[in-house]
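For the sequence shown, counting from 1, position 96 maps to 96 in our numbering; every step adds exactly one. Where is the CB? At the ideal position from N, CA and C, for every residue including glycine. Some notes on the structure that comes next.
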Amino acid sequence: MSKKKSIIIAVAVVFVAFFVFLATMGPFGATAVSGSGEGAGMNSGSGSSAGASADGAGGSDAQSGHSSGSMVESGPGATMEGVQASGLDYTVFELQGTGSAYAPSTFQMNGGASTEGIPNKWLYLSDGETLMYMVRYDQDSYAVSGAQMPQSLEEFAARESTKSLIPADKEFSEDQYGSLACSFTQTDESGDTMDVYLVLLAGSSSFGYMAVYTPQDSGFDSALWASSATLA
């Protein structure tokens, strides 16, 4: 990995740590299904599977390949068709008990759990420059922390703990995919700056978010990929 890429990913990790303290990490069952932006999807496609290891803290493994089955539902705003329309090869990464996310096929996955604050499970995707980070809170998470579980995504967005994820002068608003999102930049003490796109997510019995960290003006479609994430 180049020195520039190493610096960028190090900055991204610092930003992630600022939001969620990863005190406890552990492996979870993980799978990945590859597709093509040129019309291939979860309901159509064929091919054989090929093993691929996703290395990093937490030690989760991912299997990549083509599939004809339906693994995940579309996210709150972006749909599978939207990802396909991007024209890019993609992989659907799924982490048992956490959720699923679309990402370019160059990404690798990792996952784990944190017991700090409100306990949560997390999914981490990266290609060495861009970092996608999903966090999931469920009923047990809130019960352990002594907090009430939100009744809606709007209530989740209004909570101080959620608003603390974004700068004080920013707010969540509906983006082009119908997701509650916020975009902003973060700069560390050394002056390195990254663009951040954070989408709030709601599952059938969970809440959380997907945050995408990219080098400034990278051209990465953070809104599309973040909005296509789905919580377990």
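Next on the checklist: Tell me which residues share the same chain as A226 and place their Cβ nearer than 6 angstroms to its Cβ, disregarding the 5 neighbours each side in the sequence.
Outcome noted: Y197, V199, M210, V212
Checklist entry - Is the CB-CB distance between Y124 and M109 below 8 angstroms? => result yes
Next on the checklist: I need the DSSP call for L165, collapsed to helix, strand or coil.
Outcome noted: coil
Checklist entry - Sorted by chain position, which residues of the same chain lie with C-beta nearer than 7 angstroms to M149's C-beta, five sequence neighbours on each side aside? => result The residues Q139, Y142, in chain order, have a CB closer than 7 angstroms to that of M149 in the same chain once the five nearest residues on each side in sequence are set aside.
Item to check | Whole-Å CB distance - S145 paired with G117, under 8 angstroms assumed | outcome: 7 angstroms
Next on the checklist: For the ligand MN, is there any heavy atom lying closer than 7 angstroms to the beta carbon of S179?
Outcome noted: Absence of the ligand MN from the depicted structure is noted, as is the absence of any ligand whatsoever, leaving it without description.
Next on the checklist: Looking only at its chain, what residues have a beta carbon closer than 7 angstroms to the beta carbon of T24, apart from the 5 residues adjacent to it on each side?
Outcome noted: The pLDDT assigned to T24 is 32, lower than 50, so where the model puts this residue is not dependable, and the model offers no usable value.
Item to check | D217 to M194 span [Cα, whole Å] | outcome: 9 angstroms
Checklist entry - For N120, which residues of its own chain have a beta-carbon under 8 angstroms away from its beta-carbon, when the five flanking residues on both sides are left out? => result V20, A113, S114, V135, R136, Y137, S141, G208
Item to check | Where G69 sits in the DSSP three-state scheme | outcome: Its pLDDT being 28, under 50, G69 is placed unreliably in this model, and the value from its coordinates should be taken loosely. Reduced to three states, the DSSP call for G69 is coil.
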